[in-house]
Amino acid sequence: MADSKPNTKGLYIKTYGCQMNVYDSERMKDVLKPLGYAPVDSPEAADLVVLNTCHIREKATEKVFSELGRLREMKQEAGGTLRIAVAGCVAQAEGDEIMRREPAVDMVVGPQSYHRLPEMIAKLARKTGDILETDFAAEEKFDALPKTREIDGASAFLSIQEGCDKFCTFCVVPYTRGAEFSRNTDAIVAEARELARQGVREIVLLGQNVNAWHGAAPAHDVRGGEWGLGALIRHIAQIGGVERIRYTTSHPRDMADDLIDAHRDVEQLAPFMHLPVQHGSDRILKAMNRQHTASEYLRIIERVRAARTDIAFASDFIVGFPGESDVDFEATLQLVRGVGFAQAYSFKYSPRPGTPAAGMQLQVEEHVKDERLARLQALLNEQAQAFNDATIGRKVDVLFSRAGRRAGQALGYSPYMQSVHVDGGAHLTGCMALIEIVGATMTSLKGRLVTATAEVMA
Ligand code: SAH
Ligand code: SF4
Ligand code: F3S
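Shown next, in the form of structure tokens:
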């Protein structure tokens, strides 16, 4: 196409959903690079557009079909040369339906099969064979991915665990991502080293239930046996250049003692934990099949705070789950008041096809969901503002992972996952610096440079 250089082909990937999808999109770029595909800034400049989709709530899925409508027109205007692939969780859940409803789509590839994209593109060129790949072999995928990664910025995601066996009754993830799978320890450590070698200073370990990760201890560990996430974090912290480690998303049931202890022992482990609770009422937690009570959750929070006093918590909440009464909803507000969250995501319950909750009696009316969501969000916003306000006047280490949106502005993250912007700090991009916080809104902080604690990356 006009905008792409000779011999290279333009690749545009649009990513929806969670960080796992962000990681997958980066890896799709790595997979397609040897075929001559280079990222471009718009679908118009692309020869191949990939929509990496999310199926978690109804709205997320609707967005994909409306985007596909736009791409169909673009394809017609381009004389049919544009290739369109649908990847991710909608591809997994509704692959056949997409192929039927949207003939402009050339390929459908599930989250565990995107390493096969080169083969699929070749088949497409030969006009032979199956161009729908939705197998569940996570292990095969990780083995097949290129060992080198194209890195953009000082912070990088690293997927260590995929899939879920917990089957919360509202959730599609066990169906779209498959069974719980932990990546091999040595492969994770090798990828972490490769990231550090490329100048990455913060590694964010990812998994649908990241703290369910477990793996064989590497050969150098004379104690042998199995490692959990705590041991893995201790090991990654020893890789030269790794200044900060985060992990997300955790499940309360997999919060092992050793992981909690790591928050006390490992200096680079950020004092921030995203630990979704979903609800504050035991009756609803049971109906959700969360397999923990509200007080068990609160007890975990207490134990983590005992290990690391300044830790900040984030969580996810669902309002309007089937059967939720006013009393149940009050229990959620009560739990939120009890913990005090630094950040939170809250959603109206969205019935998902094939999940048990979608067929439950007593679905909550939309206007009730709206009203509860507004009340919950008002409380969570208040807490986020209070948390950010409390940082004013403090000096914190900020990792400036990427350039800010405005000219001359640097954008980074505090240890507590607050976004911090510094005017006139563009030279800070790529480094960790001590910043004095001088202003706060509900979603971000304004800072002033005190000292740069690390050299600016080349
Ligand atoms: N594995 C994580 C969450 C993965 S999904 C965990 O167990 O906590 C991300 C968030 O989307 C969930 O925490 C939940 O709050 C929300 N979510 C999932 N399914 C939903 C649904 N059907 N309706 C509304 N929100 C949902
Ligand atoms: Fe979904 Fe529950 Fe698994 Fe989280 S633990 S991915 S909410 S089924
Ligand atoms: Fe969405 Fe799939 Fe992530 S459903 S939230 S992209 S695991």
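Counting in the working numbering, the sequence shown runs from 1 upward without gaps.
C-beta: ideal position from N, C-alpha, C; glycine also.
Fair warning: this is a prediction, and the values are worked out from it, not measured in the lab.
{"query": "Selected residue, minimal CA-CA separation from Cys164, among Glu180, Phe157, Tyr175", "result": "Glu180"}
{"query": "Three-state secondary structure (DSSP) of Lys63", "result": "helix"}
{"query": "Buried or exposed by the 16-neighbour rule on C-beta atoms within 10 Å, applied to Tyr345", "result": "exposed"}
{"query": "Which of helix, strand or coil DSSP assigns to Gln208", "result": "coil"}
{"query": "Distance CB(His292)-CB(Pro252) smaller than 8 Å", "result": "yes"}
{"query": "Nonlocal neighbours in the same chain, by C-beta distance under 6 Å from Phe136, ignoring five residues either side", "result": "Gln112, Gly178"}
{"query": "Gln268 and Gly207 closer than 8 Å at C-beta", "result": "no"}
{"query": "Any non-hydrogen atom of ligand 3 within 7 Å of Cys168 CB", "result": "no"}
{"query": "Burial state of Ala440, where buried means 16 or more other Cβ atoms lie within 10 Å", "result": "buried"}
{"query": "Exposure of His367, with buried meaning 16 or more beta-carbon neighbours within 10 Å", "result": "exposed"}
{"query": "Identified DSSP bridge partners for Ser159", "result": "Leu206"}
{"query": "Length of the line joining the Cα atoms of Val242 and Arg201", "result": "5 Å"}
{"query": "Coil, strand or helix - Glu180 by DSSP", "result": "coil"}
{"query": "Simplified DSSP state of Arg402, which is helix, strand or coil", "result": "strand"}
{"query": "Close-in-space but distant-in-sequence residues of the same chain around Ser25 (CB under 7 Å, 5 per side omitted)", "result": "Ile13, Thr15, Asn52"}
{"query": "Coil, strand or helix - Asp96 by DSSP", "result": "helix"}
{"query": "Per-residue burial, Glu133 [other beta carbons within 10 Å of its own, 16 or more giving buried]", "result": "buried"}
{"query": "Ser419 to Lys446 span [Cα, whole Å]", "result": "9 Å"}
{"query": "Contact set for Phe341: own chain, Cβ-Cβ below 7 Å, skip 5 residues either direction", "result": "Phe313, Ala314, Ser315, Leu380, Gln383"}
{"query": "Neighbourhood of Ala91 by C-beta distance below 8 Å, restricted to the same chain and skipping five residues each side", "result": "Thr53, Ile98, Val108, Val109, Gly110, Pro111, Thr134"}
{"query": "Asn21: CB within 7 Å of a non-hydrogen atom of ligand 2", "result": "no"}
{"query": "Proximal residues to Ile318 (C-beta, below 6 Å), its chain only, five neighbours per side dropped", "result": "Gln278, Phe347, Tyr349"}
{"query": "Local Cβ density within 10 Å of Gly36, reported as buried at 16 or more and exposed below that", "result": "exposed"}
{"query": "8 Å Cβ cutoff met for Arg72 and Glu44", "result": "no"}
{"query": "Separation of Asp30 from Thr391, as counted between CA atoms", "result": "39 Å"}
{"query": "Alpha-carbon spacing of Val364 relative to Ala306, whole angstroms", "result": "38 Å"}
{"query": "Where His274 falls: helix, strand or coil (DSSP)", "result": "strand"}
{"query": "Residue closest to Thr248, alpha-carbon to alpha-carbon, out of Ala237, His235, Ala270", "result": "Ala270"}
{"query": "DSSP three-state assignment for Met417, whether helix, strand or coil", "result": "coil"}
{"query": "Cα-Cα separation, Phe329 to Leu362", "result": "15 Å"}
{"query": "Distance between Arg70 and Asn289 (C-alpha atoms, nearest Å)", "result": "39 Å"}
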